[in-house]
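Asks: Under my numbering, residues 778 to 846 are what the sequence shown spells out, in order. What follows is a structure written as structure tokens; I'll ask about it next.
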Amino acid sequence: MSNQHKDLQDQLNRAMPIAKDIGLGDTLQELISAYNDLATKYNQLVALQGGNANLLADNTALKNINDRG
778 MSNQHKDLQD QLNRAMPIAK DIGLGDTLQE LISAYNDLAT KYNQLVALQG GNANLLADNT
838 ALKNINDRG
């Protein structure tokens, strides 16, 4: 396992109990889904305010990566 992979696993291990405590989900898939929902709502808000094309594109790209998960 690479150091980068270990770092990511450590971050995930720390984040999952917090995500569960605040009601985002019990599994990584539920956490990703909650993130995607938040990104979608955020993009809608940004679009309503006139939008920032780069920000919308970045958030959409992250959501698409998560969807492939």
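Note that beta-carbon positions come from the ideal geometry of N, C-alpha and C, so glycine has one too. These figures come from a predicted structure and were not determined experimentally.
Straight-line CA distance for Q806 to T817?
Replies: Approximately 16 Å, taken between the alpha carbons.
Asks: Classify N820: buried if its beta carbon has 16 or more other beta carbons within 10 angstroms, exposed otherwise.
Replies: Buried.
Asks: Pick helix, strand or coil for Q806, following the three-state DSSP scheme.
Replies: Of the three classes helix, strand and coil, the one that applies to Q806 here is helix, per DSSP.
Asks: For L825, count neighbouring C-beta atoms within 10 Å of its own C-beta (all shown protein chains included) and say buried if the count is 16 or more, exposed if not.
Replies: Classification for L825: exposed.
Asks: What number of angstroms, rounded off, separates the C-alpha of N831 from the C-alpha of N790?
Replies: About 31 Å.
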